[in-house]
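Read through the structure below, which is laid out as structure tokens, and then see the notes.
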Amino acid sequence: MEKGSNYLPAVEGVLRGFTITVVLLLIFAVIMTFIDIGSRVRYIFYVITNILSIMYGVIYAVRRIGKKGWLVGIGVTLLYLFILYIVSVVSGNSAAISSYGVKRLLLDLIVGALSGMIAINL
Numbered sequence: 004m005e006k007g008s009n010y011l012p013a014v015e016g017v018l019r020g021f022t023i024t025v026v027l028l029l030i031f032a033v034i035m036t037f038i039d040i041g042s043r044v045r046y047i048f049y050v051i052t053n054i055l056s057i058m059y060g061v062i063y064a065v066r067r068i069g070k071k072g073w074l075v076g077i078g079v080t081l082l083y084l085f086i087l088y089i090v091s092v093v094s095g096n097s098a099a100i101s102s103y104g105v106k107r108l109l110l111d112l113i114v115g116a117l118s119g120m121i122a123i124n125l
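Residues in the sequence shown are numbered from 4 upward in steps of one, following the working numbering.
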């Protein structure tokens, strides 16, 4: 397959990232039914799940597109986070973004850009 400027792989990367997110959250939900897990551990797990999902989605998209790794990484990350935010608001969470939310956004954007830079050079 020839690498080109078709940005459909970016959407596929986001969908693959969400697949990883859903699988990891289902596994974590099963574990939580048997073991009492504190809120700090849950928060850390959610952050790690987010990072792994973004990394996987970005690497997939960048490898398929083949250029502008950091830009594709940021784009995939923003699309992933936007959809995650919409799902969160629809499911009943607050629409307000806290300082922790801004920090996580910046962390996720950095992870997305770095993943794109690494993926373009693989």
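Glycine included, C-beta positions come from ideal geometry on N, C-alpha and C.
{"Item": "Rounded to the nearest angstrom, how far is the Cβ of V13 from that of G72, given a contact under 8 angstroms?", "Value": "Residue identity differs from the one stated: residue 13 is Ala in this sequence, not Val. Contact doesn't hold; Cβ gap of about 12 angstroms is too wide."}
{"Item": "So the candidates are I54, V75, F48, Y88; which of them puts its Cα closest to the Cα of I30?", "Value": "F48"}
{"Item": "Can you tell me whether I100 is buried or exposed, with buried defined as 16 or more other CB within 10 angstroms of its CB?", "Value": "exposed"}
{"Item": "Check for me: the alpha helix (DSSP H) holding G115 runs from which residue to which?", "Value": "102-123"}
{"Item": "Can you grab the Cα-Cα spacing for the pair L117 / G76, in whole Å?", "Value": "8 angstroms"}
{"Item": "On the criterion of 16 or more Cβ atoms from any shown chain inside 10 Å, does V92 qualify as buried, or is it exposed?", "Value": "exposed"}
{"Item": "For the 8 angstroms Cβ check, are there 3 or more pairs between the segment 78-96 and the segment 40-59?", "Value": "yes"}
{"Item": "Round the Cβ separation of G16 and V50 to the nearest angstrom and send it over; I've been treating them as touching at under 8 angstroms.", "Value": "Between V50 and G16 the Cβ distance is about 20 angstroms, and since that is not below 8 angstroms, they are no contact."}
{"Item": "Do you know how far the Cα of S97 is from the Cα of G41?", "Value": "22 angstroms"}
{"Item": "Can you look up I38 in the DSSP assignment and give me helix, strand or coil?", "Value": "coil"}
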